[in-house]
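Below is one structure, written out as structure tokens, with a few remarks after it.
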Amino acid sequence: MDFSLIGAAIGESLTPASFIGIGGGVLLGYMIGVIPGLSRSVAISIAIPMTFYMTPYIAISFLIGLSKGTAAGSAVSAILLNAPGEASSAATALDGYPLAKSGKPKTALQIGLLASVIGDILATIILIFVAIPFARVALMFGPYEMAAILAFALVFIAGLSSGSLFKGLAAGGLGIFLGSIGLDNQTGLPRLTFGFVELMDGMPLIAVAIGTLALSEMFVQAEKLRHQRETMAVKLENRPDDRITWPLFRRILPTILRGTGVGTLVGALPGLGPSVGSFMSYGLAQKASRTPEKFGKGEPAGIAASESADNAVIPAALIPLFGLGIPGNVSAALLIGAFAIHGITVGPLLLRDEPELLYSIFAGMILASVIMLVLGWYGLKVFAQITRVPPHVVIPIVVFFCLAGMLLQGYGTFGLVILIGFAVLGYLM
229 MDFSLIGAAI
239 GESLTPASFI
249 GIGGGVLLGY
259 MIGVIPGLSR
269 SVAISIAIPM
279 TFYMTPYIAI
289 SFLIGLSKGT
299 AAGSAVSAIL
309 LNAPGEASSA
319 ATALDGYPLA
329 KSGKPKTALQ
339 IGLLASVIGD
349 ILATIILIFV
359 AIPFARVALM
369 FGPYEMAAIL
379 AFALVFIAGL
389 SSGSLFKGLA
399 AGGLGIFLGS
409 IGLDNQTGLP
419 RLTFGFVELM
429 DGMPLIAVAI
439 GTLALSEMFV
449 QAEKLRHQRE
459 TMAVKLENRP
469 DDRITWPLFR
479 RILPTILRGT
489 GVGTLVGALP
499 GLGPSVGSFM
509 SYGLAQKASR
519 TPEKFGKGEP
529 AGIAASESAD
539 NAVIPAALIP
549 LFGLGIPGNV
559 SAALLIGAFA
569 IHGITVGPLL
579 LRDEPELLYS
589 IFAGMILASV
599 IMLVLGWYGL
609 KVFAQITRVP
619 PHVVIPIVVF
629 FCLAGMLLQG
639 YGTFGLVILI
649 GFAVLGYLM
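Start counting at 1 in the sequence shown, then tack on 228, and there's your number in this note's numbering.
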């Protein structure tokens, strides 16, 4: 490990621009995460166009901070509303909401926050020590090894996808087809462009991402409005007994460490995702508990298990991304588009060509975790109020940012057609 690069990375992460970019990402992530139905993939999709004019380091750190903030914010709505911001926080709601209803909402939120931050920091440290040697080994791979790894990743993801195996393989095949569009790297001739000049550089990645992940999700949320009933959030009150105590923290710390290990393992395997990690950690915590009957009734260890694993998945999903160029989950896949915007090839080549950037991203991830702790601890009441924003207000705002982000890329009407087309495809899938 190059200590000169580590020193330079720490210096880069402590600049005012870094604090503003990373802090802004975490804050925006919190504000999005507390709104039920807005997942971290939706947040990253609509935020990628905001990074066009940022430096590569600030852009990637901003998006990673956004992902971390969204994951932590999702627990707020899960605990106070029993309506998780995304599916991975559903396990948090099993014990978080009953504990909040029993008169200890602040305790539940503080447990979730501390578990999130500890799991996130420990998984980031594991990422730093694993991804770099992993990338060095991958640099020795030839075309045969890389082809075998990519084929394995496709089959692995297809096997783990919801629904039938055929559906997963078909989605992977569609992705390969879309990736083949554009100028051939060897001959320089157009391939599958069908006469559209706009496709010479390939299918607009941002349009595909925003359409299939963000805009299609808004279609789903709009459809749910007809059947949803308004849920009253649990109010935060200044009660002296409503806070986490040192004995309680010591009791749940082993659960947090176990959840971190589960989340790291799940995140490093392509295709599993944070939902698998959080529910697996929750199940293990219940089996290891001396009082498993308390789970589902406001058990603090249930919150700690779910949140530590959920947030550990975020850094762990970058291990295969930085090591092999294969994303661990959807959020990591979206970062490939962010790297591409800035002309950077993600994967083992990042260590060889941009080592300063890679180490700076690692330092920025640690900084994002610290900012997440500060914002989450002192901003609980503010974020709790955001949970009251009705969906019929949120959906038009997100749709506006989806369309505006696409227009910022300069694709015009063609980009909007691609965006809407993939939004419909994502909705049908």
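Cβ coordinates follow ideal geometry from the N, Cα and C atoms, glycine included.
Here R419 carries a strand assignment [DSSP, helix/strand/coil].
Taking a C-beta distance under 9 Å as the contact criterion, A275 and G253 qualify as a contact pair. Using a Cβ distance threshold of 9 Å, S597 and K296 count as a contacting pair. When the Cα atoms are used, L595 and T421 turn out to be separated by approximately 43 Å.
If only uninterrupted alpha helix (DSSP H) runs of at least 4 residues are considered, those enclosed by the stretch 530-591 are 546-552, 558-569, 576-581.
Each residue's CA atom was taken as its position, placing A366 and G551 some 7 Å apart. Your pair V345 and L601 checks out as a contact, with CB atoms roughly 5 Å apart and the cut at 8 Å.
The C-beta distance from L653 to T440 rounds to 7 Å, short enough to meet the 8 Å contact threshold. The beta carbons of L294 and L256 sit about 6 Å from each other, so the pair counts as a contact at 8 Å.
Listed in chain order, the non-local C-beta contacts of L608 below 6 Å within the same chain comprise L337, local neighbours out to five positions each way being set aside.
Looking at the backbone, the Cα of S506 and that of V425 are separated by about 45 Å. Just so you know, the alpha carbons of P520 and A319 end up roughly 15 Å apart. In this structure, DSSP gives G410 an extended state, which the three-state scheme calls strand. With a cut-off of 8 Å on Cβ pairs, the stretch 353-364 is in contact with the stretch 533-549, counting three or more such pairs.
Between S289 and I250 a beta carbon distance of about 5 Å is seen, short of the 8 Å cut, so the two are scored as contacting.
DSSP, read as helix, strand or coil, puts A513 in helix. Judged by beta-carbon spacing, M428 lies beyond the 9 Å limit of G400, meaning their Cβ atoms are not closer than that value.
Secondary structure of G607 (DSSP, three-state): coil. Taking 9 Å as the cut-off, the Cβ atoms of I572 and P326 do not count as close.
With a threshold of 16 other beta carbon atoms within 10 Å, Y258 meets it and is buried. With a threshold of 16 other beta carbon atoms within 10 Å, G407 falls short and is exposed. Annotation for P418: L411, M428 place their beta carbon closer than 7 Å to its own, counting only its chain and skipping 5 residues before and after. Here the alpha carbon of L322 sits roughly 11 Å from the alpha carbon of A529. Our two residues, P555 and V494, have alpha carbons roughly 13 Å apart in a direct line. In the three-state scheme derived from DSSP, where H, G and I count as helix and E and B as strand, D323 is classed as helix.
Secondary structure of D469 (DSSP, three-state): coil. In terms of Cβ geometry, E445 and L266 form a close pair [threshold 9 Å]. Of the residues K332, S241, L603, the one whose Cα lies closest to the Cα of R471 is K332.
With a cutoff of 9 Å on beta-carbon distance, T488 and G347 are scored as near each other.
In terms of CA proximity to I404, M431 leads the group I438, M431, G423.
DSSP places G313 outside both helix and strand once states are collapsed to three, so it counts as coil. Within the stretch 321-376, the complete alpha helix (DSSP H) runs of at least 4 residues fall at 333-366. Residue state for P475 is assigned as helix, using DSSP reduced to three classes.
Shortest Cα-Cα distance from I353 to any of I484, A591, I531 involves A591. For A632, the closest of M278, Q514, P482 by C-alpha to C-alpha distance is M278.
Boundaries of the alpha helix (DSSP H) around F447: 444-452.
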